[in-house]
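Going down the list, the sequences are from chains B, D and X.
Sequential numbering of the first sequence, starting at 67, is according to the numbering used here.
Sequential numbering of the second sequence, starting at 1426, is according to the numbering used here.
Sequential numbering of the third sequence, starting at 219, is according to the numbering used here.
Glycine is no exception: its CB is placed at the ideal position from the N, C-alpha and C atoms.
Every value quoted in this text rests on a predicted model; they were computed, and no experiment measured them.
Written out below as structure tokens is the structure these notes cover.
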Amino acid sequence: MARESRLALVRIAFRNRKFQFGFGLLAFFVIFALIGPLFTPFAWNGLYYENVGGIKIASYGGKTLPPMSHEVITTYTGKKVEVLHILGTNINGQDLYARLVYGLRTSLWIALLAAAIGTVLGITIGLVAGYKGGWTDELLMMFTNIMLVIPSIVLLVLIAAYLSARTPGIQALIIGLTGWPWVARAVRSQTLSLKNREFVHLAKLAGLSDLRIIFTEVMPNMVSYIFMAGILQFSGAILASATLDFIGLGPTTMVSLGNILQRAIAYNALQFGWWWWFIPPGLIITLIITALFFINIGLEEVFNPRLRRE
Amino acid sequence: MAMLTVEDLKIYYATPFGHVKAVDGVSFEVREGEVFGIAGESGCGKSTLVHSLILRKPPMVHMGGKALFKGRDLMRLSKEESRKIRYTELSIIPQYAMNALNPTKKIKDIVWDLAREHGHTDREEVERLLRERLKMVKLSEKVADMYPVELSGGMRQRATMVVSTLLNPDLLIADEVTSALDVTTQRVVIELLHHFMREGIVKSIIFVTHDLALLDKIADRMMILYAGKVVEIGPTEEVINEPSHPYTQLLLSSLPRMGIQYRKQKLRGIPGYPISLLNPPKGCRFYTRCPYALDKCPSEEPKLVKVGEEHYAACHLLGGEDQ
Amino acid sequence: MGFRRYMVRKVVVYGITFVFAVTLNWLLPRLMPGNPIEAMVSRSGGAASSQLIKFYEEVYGLNQPMWKQFLNFWVNLFHGDLGYSMLYNAPVSSIIKHALPYDIAILLPAIVLSWLVGNWLGAIAGKNKKYDRYTMPLFYFLASMPYFWFAMILVYVVGVKLGWLPYSGAYAPDLVPSLSWTFIKSFLSHWILPFLSLFIVMIGSWAIGMRNMIIYELEADYVRYLEALGASEKLMTKHAYRNAILPQVTGLALQLGMMVAGAIATEIVFNYPGIGVLIMNAALNQDYFLLQGAFLIVVISVLAANFLIDIVYAFIDPRVRASYTEG
Ligand SMILES: Nc1ncnc2c1ncn2[C@@H]1O[C@H](COP(=O)(O)OP(=O)(O)OP(=O)(O)O)[C@@H](O)[C@H]1O
Ligand code: SF4
Ligand SMILES: [Mg+2]
């Protein structure tokens, strides 16, 4: 695939309705995660901090308020500040908008990292299996298929439960370590079909090393597959991370979308009717995954014109 | 007696850029008891022509002309009428014959499903016929109880030929059935088609190919298409031995020693490319590549001129303006 | 015949997977930083004196050489001994035995019914473009929802706001499981919401799969051929559906793990006494024997279901058998 034609594909992609929708939705949430904190005076944990002589001291109302409530908070130094809770507060009076924005940041970050780890691992294993063939292939694919059958969430729970300190990085790592098999399978079958093409044979005849052939001849020809596999990894990681957090095995140091939901259940938000606590985080997860789906089907139509349905 | 009479048929494709004039005013007839060959380069409209007789689906549109099949105009049949005559009277072996059978149904079930759609009620009778025909094409009658995935490519091709002809259609269309095959298998397929004719299973065959050498073997009469138009039509022997149209002559001279070596040979080797069917020239469609092009060729369309007994060609070199 | 080769291969592959899963289960705690016994002991109250820890290490055979521990693990497994839960003060195997029926009660009907309904809806969408335009985004939205979040919405709307159905536990707290009419009624009313929450979300992914398969199959050569030979719309659809539904059976195997995971989180929302709640409690209270036991049971169930599906599939799809006869 020449450089121009790849650019042309990108242009076609941005003209595809489904891709536009998915990309727009995803971009909206990414931007929201980045600039959302500008619209609230609250810190990541939903508390109001006052700077007293270089030390930050938190203060909060302690009331559970519905969205768009105004509240007057008395700070440590006795000042009264009127604040707006855009999405209301939780049982401890923490601002839910702030928690949501920062939680979204954490979740996106974890998913991105996990998807990167899973995709790179999957590509490596798939490439090696497909390119080397023979016993290497048999063994690697056996391993891949085993990992595919074992429900990864349950495995994740098992691993996470043994970890006492869980950072977002560690969560991303374990999600990435269990998510690669799908990528490996797709990449392997692509490699198999590319391996027997002329240009690979030519490169071999020219005496290029395997590694060079893989990087310069094989990889560039499956960029589209790798990209789509990466997107699926990303949505899988969002869901996995939310589920882990919801079970109570999320990062111990930060708020995340699944973590907000877990708190909501733990404090009976459902029974008390505090819908603003649990509807927004789940909705965001759902919409992000929907967006990723649409990006993928849009891309699929771009790469594979037979599927276009007008 | 004419089985099929096509008159000035126009079949276009509707595209966002305009109409692709894939078949543009084609006339010919297919007689009872003959094999009628159609040849031409890839993209000249052969498949479009024969498919339009069986099934017109968007973006294919009928823009004029008639196709009288046993007295009825195929272009004017209602959906249901046209569905009914397909298979029983008019059948096709498609270009993709090897993949034409549903891989997850036993062949006898596929056949029975189709036969029932055409009013057959006796399953045993249909199956008996199927087994008999399978033996006729040198397949085991057990093939009837097998799934298409269990057969090799060549066996599937033959099975498809049996399925397509099972209800004894009067006219059989064979669209590039030999293109994907090696020489030996090609010969077997040709033999089978002859056999179907001899046994009276089919009355006439339209044989589409881009291999002129094959037509010499099988066709009684033939027609050469170029860019959606007929350039020459006549008895096979005459067209091949005394080609009148410059295009036919070039085609034949590009074949490696005709009649001695039946190598799979695509119609190429003529310099230049066919013109775009979106905006074909007003005059002769071949003028961009014709070594003898006259001044009037780009603007004036040549009419078919009689050059021999039942032999016609469309070229200004052959005169005929005065007609 | 190809079927035997197919079976042998499957048995070998699933056998290896089983051994791998068990080994992983055994290995993980030994690979992890920290001392699980210490954590468990200190959890169950009292300071973890080094003597107590030593005592437990002896009880669980953790002072023996690794190979012996591994062997013991297998021996115990085949005796159905999965260890002892400190949290519930009972053998892990008996706790799981009591929990498993609840999982089956909501998962099995949810999977089977959603498969049927989802495929049906997807088939309609694949055939009918007008209907497809509206339903496709809906299916994708459904398939994107985390099971547990949709469960929360159901609890909030149907349980709390409307007050139509109970939403906590598997039966009224003042009842004892029995075959009495009152119990069955209570059980069923508690069952509806957890079932629905899984059922509805699952419909989305089946429908998407079926829709895409149908579109693909209707374009296939064999459908074109049927049409050219005068098949009615009905017959073409019949052939296409059959071929589209077959891969959905394999889809059942592929999605099973995801669905089980979804069920675990869903049970937590409803406080439904299945394996999901066990896993959460075990994980949060560092009850490692219970956690490992639950993991094993889930893996074994998923493997068994996959194995079953593979065998059924070989029977219904001749393509699978054919691929094992040649060569
Ligand atoms: N669906 C379509 N939409 C637009 N144009 C089409 C379509 N199908 C075919 N064509 C055009 O119509 C012309 C005739 O195509 P057709 O398939 O009939 O050629 P052919 O002679 O059978 O070629 P081949 O030997 O390759 O089978 C070609 O120029 C092709 O590009
Ligand atoms: S009409 Fe003119 S251009 Fe066409 S074939 Fe004859 S001489 Fe050539
Ligand atoms: Mg063709």
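Three or more beta-carbon pairs separated by less than 8 Å are not found between the region 1619-1631 of chain D and the region 1432-1439 of chain D, which leaves the two stretches without contact. Here D/E1466 carries a coil assignment [DSSP, helix/strand/coil]. Residues of the region 497-510 of chain X with a Cβ closer than 8 Å to any Cβ of chain B, in chain order: I497, M498, A500, A501, L502, Q504, Y506, L509, Q510.
Per DSSP, B/G296 is one residue of the alpha helix (DSSP H) stretching across 289-313. Residue contact check for B/L274 against chain X: no CB pair falls below 9 Å. Under the Cβ criterion of 9 Å, D/H1545 is not counted among the residues facing chain X. Short of 6 Å from the beta carbon of X/F405, and not among the five residues preceding or following it, lie these beta carbons of its own chain, in chain order: Y389.
Inclusion of D/L1637 and D/I1665 in the CB contact set at 9 Å is warranted, their separation being smaller than that value. For D/T1610 and D/K1642, the gap between their C-alpha atoms comes out near 14 Å. Collapsing the DSSP output to three states places D/R1456 in a strand.
Within the same chain, Cβ atoms closer than 6 Å to the Cβ of D/L1592 are found at Y1512, T1513, the five residues on either side in sequence being excluded.
Three or more Cβ pairs closer than 8 Å define a contact, and the region 1600-1610 of chain D falls short of that threshold against the region 1547-1557 of chain D. In the structure shown, the three-state DSSP call for D/L1515 is strand. Ranked by how close their Cα comes to the Cα of B/G324, the residues B/L243, B/I152, B/I363, B/P347 have B/P347 in first place. The C-beta of X/W382 has fewer than 16 other C-beta atoms within 10 Å across all chains shown, which makes the residue exposed.
Listed as beta-bridge partners of D/V1448 by DSSP are D/I1436. For X/I313, the closest of X/Q510, X/A471, X/F291 by C-alpha to C-alpha distance is X/Q510. One finds A438, D439, Y440, Y443 in chain X with Cβ atoms closer than 9 Å to the Cβ of D/N1524, taken in chain order. In the structure shown, D/M1571 adopts coil according to DSSP, grouped into three states. Annotation: Cβ neighbours of X/W367 in chain B (cutoff 9 Å, chain order): A308, F312, L327, F344, I345, P347, G348, L349, I351, T352.
Linking B/V368 to B/S290 through their CA atoms gives a straight-line distance of about 10 Å. Rounded to the nearest angstrom, the gap between the Cα atoms of B/T356 and B/N362 is 10 Å. Taking a contact as a CB-CB distance under 8 Å, the pair X/R429 and X/D350 counts as one, their CB atoms being some 7 Å apart.
For B/D276, the enclosing alpha helix (DSSP H) stretches over residues 276-279.
In this structure, DSSP gives D/P1660 an extended state, which the three-state scheme calls strand. Residue burial is scored here from C-beta neighbours: B/E264 has fewer than 16 other C-beta atoms within 10 angstroms and is therefore classed as exposed. With contacts defined as CB atoms closer than 9 Å, D/Q1520 and D/V1445 fail to qualify as a contacting pair. Within the model, the alpha-carbon separation for X/V517 versus X/I529 is close to 18 Å. The Cβ-Cβ distance between B/L224 and X/L246 falls below 9 Å. Under the three-pair Cβ rule at 8 Å, the region 1495-1511 of chain D does not count as touching the region 1460-1474 of chain D. Neighbours of X/S362 in chain B, taken as residues at a C-beta separation under 7 Å, are given in chain order as T352, I355, T356, F359.
When the five nearest sequence neighbours on each side are left out, the beta carbons in the same chain lying within less than 6 Å of the beta carbon of B/T172 are those of P234, M320, S322, in order along the chain. Interface residue (Cβ-Cβ distance to chain X less than 9 Å): B/Q337 is classified as such. Minimum Cα-Cα distance from D/A1525 among the listed residues X/T468, X/V441, X/A483 corresponds to X/V441. Not one heavy atom of ligand 3 lies closer than 8 Å to the C-beta of D/E1466. By alpha-carbon distance to X/G344, the top candidate from X/T455, X/V495, X/Y224 is X/T455.
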